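Residue numbers (the working numbering), protein chains in the order written: chain Z, 5 to 154; chain C, 45 to 127.
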């Protein structure tokens, strides 16, 4: 089994530092792809914060299963997933994925697959808080449809 | 049989609690939902559109027609919005 680093945490993480460390640890593999999801403000700049709820236990399990599927399907040598929960402000990093492979196409495909699956198969729920109140973010049909690509 | 029922996100808010243990004879998820909605209005409101909900049995995604069997933990929640 390849090294899977799966972290579900409330505390912020340093995306740059994580990317640097991942690239260094997997440096001889050849190709590294990383992606970071960031709290998006509303069009009018009204977002006070985002709160992410999750299902402790199932979350770690679902992320591990998703990463194992990716590792079985593409030639990846390492994979990191970090996903935060709790309150966070606009511009803060919510989550990241990193994949390392001898082949660029595999690193990209695996990272893309991880993102599609963890959006609609990992038990996280986003709530946006503005001065108008709190709203649960609704899942998009396109998120579910994205899974058909795989 | 005693089973733990968990609720997340707006479903948790509508039901008014994050988890509870209930004694039920329901054989499937759908039967359990019928039993819950018959209890009180807040459950009926929370489960008014079961098609918009997801269910996990012992932390694995499942569906409403699934048998409960020896499942200990049943979680209900809206479609996930991670990433």
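Every residue gets a Cβ at the ideal spot worked out from N, C-alpha and C, and that includes glycine.
This one's a predicted model, so the numbers in the text were calculated from it and none came from an experiment.
Is DSSP giving residue i helix, strand or coil here?
i                      : result
residue 121 of chain C : strand
residue 81 of chain Z  : coil
residue 144 of chain Z : coil
residue 123 of chain Z : helix
residue 139 of chain Z : strand
residue 151 of chain Z : helix
residue 86 of chain C  : helix
residue 70 of chain Z  : helix
Closer than 9 Å, CB to CB, is residue i near chain C or not?
i                      : result
residue 87 of chain Z  : yes
residue 122 of chain Z : yes
residue 15 of chain Z  : no
residue 128 of chain Z : yes
residue 81 of chain Z  : no
residue 149 of chain Z : no
residue 41 of chain Z  : yes
residue 92 of chain Z  : no
residue 140 of chain Z : yes
Would residue i count as contacting chain Z if we go by Cβ distances under 9 Å?
i                      : result
residue 113 of chain C : no
residue 45 of chain C  : no
residue 94 of chain C  : no
residue 53 of chain C  : yes
residue 82 of chain C  : no
Quick one: give me the first and last residue of the alpha helix (DSSP H) that residue i is part of.
i                     : result
residue 81 of chain C : 73–83
residue 41 of chain Z : It is not in any alpha helix (DSSP H) - residue 41 of chain Z instead sits in the beta strand (DSSP E) that spans 35–42.
residue 54 of chain C : 53–59
residue 25 of chain Z : 19–29
Using the DSSP secondary-structure output, state which residues sit across from residue i in a beta bridge.
i                      : result
residue 105 of chain Z : Z/35
The beta strand (DSSP E) spanning residue i covers which residue range?
i                      : result
residue 54 of chain Z  : 51–58
residue 102 of chain C : Note, residue 102 of chain C: premise wrong, no beta strand (DSSP E); not H, not E.
residue 128 of chain Z : 128–134
residue 64 of chain C  : 63–67
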